[in-house]
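Numbering (the UniProt record's numbering), first residue to last: 1 to 746. Ideal Cβ positions, reconstructed from N, Cα and C, are used throughout, including at glycine. In what follows, a structure is listed as C-alpha cells, so that the remarks can point back to it.
Written out as C-alpha cells, the structure reads:
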C-alpha cells in the first residue's frame, strides 16, 4: 500500500467524495429544477384554463345577448296589436285588400328593426303569403317551420353562411296569435355578422388559440358558426372523426381540461374549455396548443439548466479540493492500520487537524489503547478460565459436528487416563465402549438431518472406556454451542463409580431395613396378641367375681370393679391404636371410590354418637368420590374425638369441604369447649390428652394417628379455633391420580 499518497484503489474515497458532492448537488438542482418547472407548468396551465373558461363564459353571455335581442325584436312584432289583427283578417276573408294591409304592416315592422334582412308571413296551413326585404335564400321554410314550431317565445330555427358574401344569416320564427287563435307564423332573417365578429375574435389566445361555436343539425351533421383558425374555413364537420372537443360541447359537457383525448383536428394536445347553450343547442370551444401555452415554462427550464451546469462545474472544483483535504489524513490512518496489522501494535495515528478527521484519529488511538487493555484482560481471563477448566474435578470435552475432539481438560485426563495431546483431533468414539462406540456417528448424523435431540440439552448415565480398556459409569451432560455460526458440542463428564457403589450399599441397607421392619411388625402382632390374652382373662375374671360376689359387694367395691374393667378396656384400645399407628403409611389395596358424604353419615354408629347430638354434612361432600380407606379412619378419629370431649348434652358436629386446585380441604367442627391455642401442636403427639384419664376413656392416640395418615398423603392438619370457640380441625386430602401418593391403610 502506498504511503500518504494517492489511494491505490481505482475508486477510492477521494473519487467517492467528488462523486457524492456531484450527485448531491446535481440531485438538488434537478429536484429544484423539476419542482420549479412543475410549479411554473401547473401555474401556467391553471392560468390558461381559467382564461379559457372565462372566454367561454364571456362568449356564452355575448351569444345569449345577441340572440336574445333577435328574439325580442321578433316577439315585439308578433305581439303588436296591428300585425296579428291584420293577419287574422286575412285568415278570415282572404281578400286582396287584407293582403295589402298585411304587406304594409310587414314593411312597417321591417323598417323598425335594425339588421333585419327579410320578413315573411306564413299562413296557418303553410305557404308564404307575404314578405318584404331580400329574396329568400333558402326557399321552403314556410312549408316546414310552422308545422314544427311550438307555442312559446320566438326561436332561432336556422342559421347559414353565404360564402359569396362572407356573411352569416340567422332565421328567427315566431307565432302570431289573435284572440287566442293561431293566425300564422312570422319568419325574420337577420344579418348575423355581429355574432360572427364577436365569436370569431382570437385576441389574447397567442398564436394557436381559437374560439369556435358550432351546432348540430337534425341530421346529425355538425356545423361551425365561426371560422377555424387552423385551417381558416367554415362549414360542416364530420362528427365521428373530426373534433372531439366540439362534439363534447354539443353533448352538453362543460369541460376545463389539459387532455390528449380532446386534441384538435391537427392531432395537437390542447388546453380546452367547453360550454353549451341549451336554449340554442350551440356548443362553444376555447382552446390553445399545449406546447404554445407552456412556452414560458420551457424558457424557465432552460434557464435552470444553464444554472445547473454552472453549479456542477463549481461543485466539481470544490469537490476535488475538499476530497484532497479529507483523504490525506484518512490515507495516513490507513497506513497506520497497515503497520499495526503487520505487528507494530505500538503504532498510533498522527492528529493532523481538530475537525472530525482529527477526532477520528484521536478516537482511533483511544480505541487502540482500549483494545490493548482488553486484549491483556482477555488473555488473563482466558488464562484463568483455562486454569479453572484444568483444575475442575469434572471432565470437559468439546467436539465438532463430525465428532472430532477439539479440547480435553485435565479432569478428562484424570478420568480417562489419556493426555490431551493423545486425543485432540481424534473421534470421540475412542472414549466409548460398545454399543456407544459404533452408534455415536449415527446419532450426530441423525441430529444434523432431523434436529431431533436424544441427549443434547439433557443429562444421562452412560459408560466410558479408559485408556487401559476398562469401562466405568459416567454422568454425561451435552450442550450445543454456536461460535461464529459454527456448531460445537460441549460435554461435561463425571466419574460416578463411587456413587454407584454407594447406591449399591444403600440398596443392601434398605433391604436389611425392610426385613427388620417386617420382623418388627411380626413381633408387634405377636406382642399385641400375647398382651391382649391376659387382658381378656382379667376382664372375664372380674366379671365372674362381680357376679359371684354381688350380694357381698358394697357400692365402693362395685366402683372399684368398674374402674378395673375400664382400665382393661383402655389397655385393649391402647394396643389397637398402637397397631393402627404402626400400620399407617403402608400401601393399601386399590379400592373403588365411594361417596364421601355417605361415608361420613355412615360413621355415626361407629363413634357412639348420642342421639341428641346432631351431625350436619356439607352437601358438597356428596359430589366427591374417594377411596374409602384410610379416609374413613381419619373421619372416625376426628368424630370420636369430638364426641368424647364435648362434655355437654346435645351438641352439633358439622363436616364441610372446600375444593382446592390440588385436592380438597375437609373440616370437622363441634361446639364443645375447644382446645387452647398453646396445646394445638401437643394434641397431635402420641399419648397426649388434655383431660384426666379417669374422666375419659382415651388413649391419646387418635389425633396422632390422624396426623400420620394425612402427612403420608402429603397433606396438612391443623386446628383453626381456640378455647371456648368449639373445636375445628381441618386437613387437606389429595385428588386420586398418578401424581398423588398411593393410598395407604391403617
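Sheet register partners of residue i (DSSP bridge)
i: residue 190; result: 116 and 170
i: residue 175; result: 185
i: residue 276; result: 283
i: residue 747; result: The structure shown has nothing for residue 747, since the chain only spans 1 to 746.
i: residue 159; result: 170
i: residue 427; result: 404
i: residue 625; result: 595
i: residue 121; result: 130 and 186
i: residue 256; result: 273
i: residue 398; result: 407 and 490
i: residue 365; result: DSSP output for residue 365 lists no bridge partner at all.
i: residue 614; result: 652
i: residue 480; result: 489
i: residue 459; result: 477
i: residue 657; result: 666
Local Cβ density within 10 Å of residue i, reported as buried at 16 or more and exposed below that
i: residue 315; result: buried
i: residue 359; result: exposed
i: residue 500; result: exposed
i: residue 609; result: buried
i: residue 96; result: exposed
i: residue 544; result: exposed
i: residue 352; result: exposed
i: residue 164; result: exposed
i: residue 313; result: exposed
i: residue 63; result: buried
i: residue 630; result: buried
i: residue 649; result: exposed
i: residue 642; result: buried
i: residue 592; result: exposed
i: residue 515; result: exposed
i: residue 154; result: buried
i: residue 751; result: As displayed, the chain neither begins before 1 nor continues past 746, which places residue 751 out of reach and without an answer.
i: residue 506; result: exposed
i: residue 105; result: buried
i: residue 289; result: buried
i: residue 59; result: buried
Assigned secondary structure, residue i (DSSP; H/G/I helix, E/B strand, else coil)
i: residue 607; result: helix
i: residue 716; result: coil
i: residue 3; result: Interpretation of residue 3 is limited by its pLDDT of 43, a score under 50 that renders its predicted location unreliable; the figure taken from the coordinates is listed afterwards. Three-state result, residue 3: coil.
i: residue 185; result: strand
i: residue 51; result: helix
i: residue 496; result: coil
i: residue 296; result: helix
i: residue 595; result: strand
i: residue 312; result: helix
i: residue 534; result: helix
i: residue 435; result: coil
i: residue 210; result: strand
i: residue 706; result: helix
i: residue 236; result: Low local confidence applies: a pLDDT of 44 at residue 236 is under 50, so the model's placement there is unreliable, and no value is given.
i: residue 736; result: coil
i: residue 730; result: strand
i: residue 516; result: helix
i: residue 464; result: strand
i: residue 475; result: strand
i: residue 486; result: strand
i: residue 390; result: helix
i: residue 419; result: coil
i: residue 288; result: strand
i: residue 136; result: coil
i: residue 165; result: coil
i: residue 541; result: helix
Minimum Cβ-Cβ distance from residue i to chain B less than 8 Å
i: residue 357; result: The displayed structure is made up of one protein chain only, and chain B is not part of it.
Proximity test, residue i beta-carbon vs the ligand COA heavy atom, cut-off 7 Å
i: residue 177; result: Absence of the ligand COA is noted for the structure shown, with no ligands found whatsoever.
Cβ pair count under 8 Å reaching 3, the stretch 212–228 against the stretch 291–303: no
Are at least three pairs of beta-carbons, each pair with one atom in the stretch 401–417 and one in the stretch 488–500, less than 8 Å apart? yes
The stretch 666–677 contacting the stretch 726–735, beta-carbon criterion three pairs below 8 Å: yes
Meets three-Cβ-pair contact criterion under 8 Å: the stretch 299–308 and the stretch 33–40: yes
If we require 3 or more residues per run, which beta strand (DSSP E) segments fall completely within the stretch 659–688? 663–670
Counting pairs of beta carbons, one from the stretch 104–119 and one from the stretch 143–161, are three or more of them closer than 8 Å? no
Contained alpha helix (DSSP H) runs [length at least 4] in the stretch 21–98, N- to C-terminal order: 82–93
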